[in-house]
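A.B. asks:
In my numbering, the protein residues as written are 29 to 200.
1) Helix, strand or coil, according to DSSP, for residue 189 in the structure here?
2) Return the Cβ separation of residue 37 and residue 111 in integer angstroms, given the expectation that the two are a contact with Cβ distance under 8 Å.
3) Closer than 7 Å by C-beta to residue 162: which residues in its own chain qualify, once you throw out the five before and the five after it? Chain order, please.
4) In the structure shown, what three-state DSSP assignment does residue 44 receive?
5) In chain order, which continuous runs of the alpha helix (DSSP H) of length 4 or greater are located wholly inside the stretch 50-116?
6) Going by the DSSP bridge assignment, what does residue 154 pair with across the sheet?
7) Taking 8 Å as the cut-off, decide whether the C-beta atoms of residue 49 and residue 158 are in contact.
8) So what does DSSP say about residue 128, is it helix, strand or coil?
9) What is the DSSP secondary structure of residue 30, reduced to helix, strand or coil?
10) For the alpha helix (DSSP H) that contains residue 208, what are its first and last residues?
11) Which whole-angstrom value is the C-beta distance of residue 169 and residue 98, which I expect to be below 8 Å?
12) Under the rule that 16 or more other beta-carbon atoms within 10 Å means buried, what is residue 35, buried or exposed?
13) Closest to residue 32 by C-alpha separation, out of 108, 133, 185, would be which residue?
14) I need the DSSP call for residue 197, collapsed to helix, strand or coil.
15) Rounding to the nearest angstrom, what Cα-Cα distance links residue 70 and residue 85 in this structure?
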């Protein structure tokens with residue numbers, strides 16, 4: 029059962045990030061990419077730093093309250109990896125197979141896509157921006173979970189290298 033919960037954790041976190049992206053205030057910017065049907069420049073909602081702070085705050089609140097161990101993502105990294113890969117394959121297949129073929133082979137279309145810039149909810153969510161956001165936040169949460177695991181495992185002698193590693197990766 030624990031493995032199954034770990035498997036679906038990325039799905040739950042992805043959904044939470046997506047909902048926060050839709051609900052939290054965002055800055056609207058006009059991009060350089062054009063809508064393939066109308067030719068108009070696409071508009072994007074940008075609120076990544078705010079969503080990141082909210083997610084790290086939720087993670088910290090769960091850790092401080094004892095509702096979730098600080099290193100839970102680290103403890104469940106392998107089922108989480110399997111769940112994230114499965115989600116990626118399923119979403120990719122759904123996006124590609126729900127669009128008309130461009131005449132290429134299926135594997136090429138799974139790699140290159142069939143739609144130029146999928147947007148949902150009348151431009152409130154752009155697939156590319158949501159994927160950037162989810163990737164960055166999941167990376168940060170996994171880094172924090174790794175650091176927490178290290179500090180819990182070695183409370184008397186934590187490695188400064190771990191702090192440097194997490195800080196440098198967080199800067200990324």
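We put the CB at the ideal spot given by N, CA and C, even for glycine.
A quick note: this is a predicted structure, and the numbers were derived from the prediction, not measured.
C.D. replies: Here's the rundown:
1) helix
2) 6 Å
3) 42, 45
4) helix
5) 76-93, 100-103
6) 147
7) yes
8) coil
9) helix
10) Residue 208 is absent from the model: the chain starts at 29 and stops at 200.
11) Incorrect: roughly 11 Å between the Cβ atoms, too far for contact.
12) buried
13) 108
14) helix
15) 31 Å
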